[in-house]
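Comments concern the structure below.
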Amino acid sequence: MARGGFELSDAVAPLVIRIPLGLIFLAHGSQKLFGLFGGSGLTATFSVFEQKLGIPPIFTLLAIIAEFGGGLGVLTGFLTRVSAAGISSVMAVAIYKVHWAHGFFMNANCVSGRGHGIEFPLALLGMAVYLMVAGGGKWCIDRLIFRA
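To convert, take the position in the sequence shown, counting from 1, and add 1; that gives our numbering.
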């Protein structure tokens with residue numbers, strides 16, 4: 002392949018990971034923070050995290066900030082590595098506290114009483130770790146601000 006192909010790949014790869022990852026976490030953060038998209042909102046999120054998962058309110062707040070703020074940061078490429086680190090932390094905790102007990106695969110048939118395995122959160126974690134290592138790429142706000 003010509004050298005130009007690799008340069009295009011290096012420029013586009015972080016962007017095609019940033020857009021879906023940012024949208025997913027912006028949406029999930031909006032559910033928890035504002036109750037949008039069928040979410041339960043801030044008060045109910047605090048309650049569920051503490052009562053069902055044993056997560057103290059301060060860590061719930063950090064998770065909400067990591068999801069909403071991290072989603073916005075990853076999507077725009079602003080503080081990409083920091084935003085991706087927050088998302089990675091949320092996904093690592095979600096895998097451990099929620100999904101691990103349900104095995105590897107998602108509950109594709111939505112069988113009642115059975116949760117989703119680690120398959121999807123692991124993919125999101127991998128995307129976030131990639132962005133932590135590689136950064137936001139050529140088309141991000143970080144590049145404009147920090148002249149990387």
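Idealized CB from N, CA, C, for every residue including glycine.
Values in this document were obtained by computation on a predicted structure and should not be read as measured data.
Taking 8 Å as the cut-off, does the region 92-107 touch the region 115-133 (at least 3 CB pairs, one atom from each stretch)?
Result yes; three or more Cβ-Cβ pairs closer than 8 Å.
Does the distance from the C-beta atom of PHE69 to that of PRO58 stay below 7 Å?
As a first step, residue 69 is located in the sequence shown; it is residue number 68 there, counting from the start. As a first step, residue 58 is located in the sequence shown; it is residue number 57 there, counting from the start. Remark: C-beta atoms of PHE69 and PRO58 do not approach each other more closely than 7 Å.
Going by alpha carbons, who is nearest to PHE26 out of THR61, LEU16, ILE66, ASP11?
One-based indexing of the sequence shown puts residue 26 at position 25. Ranking THR61, LEU16, ILE66, ASP11 by Cα distance to PHE26 puts ILE66 first.
Could you tell me whether any Cβ in chain D is nearer than 7 Å to the Cβ of ALA124?
In the structure shown, chain D does not exist; there is a single protein chain.
Whether GLY118 touches HIS103 by CB criterion (7 Å):
Mapped onto the sequence shown, residue 118 falls at position 117. Mapped onto the sequence shown, residue 103 falls at position 102. Taking 7 Å as the Cβ cut-off, GLY118 and HIS103 qualify as a contacting pair.
Does the Cβ of LYS33 have 16 or more other Cβ atoms within 10 Å, making it buried, or fewer, making it exposed?
Counting from 1 along the sequence shown, the entry for residue 33 is found at position 32. Under a 10 Å Cβ-count criterion, LYS33 is classified as buried, with 16 or more other Cβ atoms of the shown protein chains found around its own Cβ.
Between which two residues does the alpha helix (DSSP H) carrying ILE146 extend?
The residue labelled residue 146 in the question sits at position 145 within the sequence shown. Per DSSP, ILE146 belongs to the alpha helix (DSSP H) from 142-147.
For the alpha helix (DSSP H) containing VAL75, name the first residue and the last one.
Translated into the one-based positions of the sequence shown, residue 75 becomes position 74. In the DSSP assignment, VAL75 falls within the alpha helix (DSSP H) that extends over 58-77.
So the candidates are PHE60, LEU54, GLY74; which of them puts its Cα closest to the Cα of HIS100?
Translated into the one-based positions of the sequence shown, residue 100 becomes position 99. When only C-alpha atoms are compared, the closest one is LEU54.
Count the other CB atoms within 10 Å of the CB of PRO21; is the residue buried (16 or more) or exposed (fewer)?
Counted from its first residue, the sequence shown places residue 21 at position 20. Residue burial is scored here from C-beta neighbours: PRO21 has fewer than 16 other C-beta atoms within 10 angstroms and is therefore classed as exposed.
Might you give, ordered along the chain, the residues of its own chain that have their beta carbon closer than 6 Å to the beta carbon of VAL83, omitting 5 neighbours on each side?
Within the sequence shown, residue 83 is the residue found at index 82, counting from 1. Cβ contact annotation for VAL83 (same chain, cutoff 6 Å, sequence separation greater than five): none.
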